[in-house]
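When you number the sequence shown by the working numbering, it's gap-free, plus one each residue, and the end is 153.
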Amino acid sequence: MSTWTPKPDPLPWDTIELIIGGIIPIGLIVIGTLGNILCIGILLSEAHRQTSTNVYLIFLCLMDTISLYQWNLSRALQVFTNNKQTMWGSSLIMCKLSQFFPYYTLHTSAMFLTLVELDRAC
């Protein structure tokens, strides 16, 4: 006699969590990276390289790309591995960096937006 039992169907919120927590962040990474690379390419062209505002905007694109990967990639990795794998590892230094860099990049982005506004106003 067989002892096989059918595998239960996944609960509906498991599928929803996979879509919201895993697939959407990957889509945001792809779209955001392409958009930021396009902006950097345009801002690095000869015609746009003449003002300091464009330099601030280039660094803003870089900070936004780093922030995009830190927030979304770590969340997607946790969802796809059922919280068994983290992006930052288990060392003390990486633990501290994982708490510092996401907020640092967001605050740096806000600083560059402020610098752009000050540069345009003055």
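Note that beta-carbon positions come from the ideal geometry of N, C-alpha and C, so glycine has one too.
Because the structure is a prediction, the values reported are computed rather than measured.
Would you check if the distance between the CB atom of residue i and the CB atom of residue j is smaller than 9 angstroms?
i           : j           : result
residue 123 : residue 60  : no
residue 150 : residue 83  : yes
residue 143 : residue 90  : yes
residue 147 : residue 104 : no
residue 52  : residue 106 : yes
The ligand MG heavy atoms versus the CB of residue i: any closer than 8 angstroms?
i          : result
residue 73 : No copy of the ligand MG appears in this structure; indeed no ligand is present at all.
If you reduce the DSSP assignment to three classes, tell me which class residue i lands in.
i           : result
residue 126 : helix
residue 112 : coil
residue 140 : helix
residue 121 : coil
* Spell out a yes or no on whether the stretch 137-146 and the stretch 89-96 are touching, meaning 3 or more CB-CB pairs, one atom from each, closer than 8 angstroms. => yes
* Give, in chain order, every unbroken run of the alpha helix (DSSP H) that is at least 4 residues long and sits entirely within the stretch 32-101. => 43-49, 55-74
* Asked: Quick check: the stretch 66-73 against the stretch 104-112, are there 3 or more CB pairs under 8 angstroms?
  -> no
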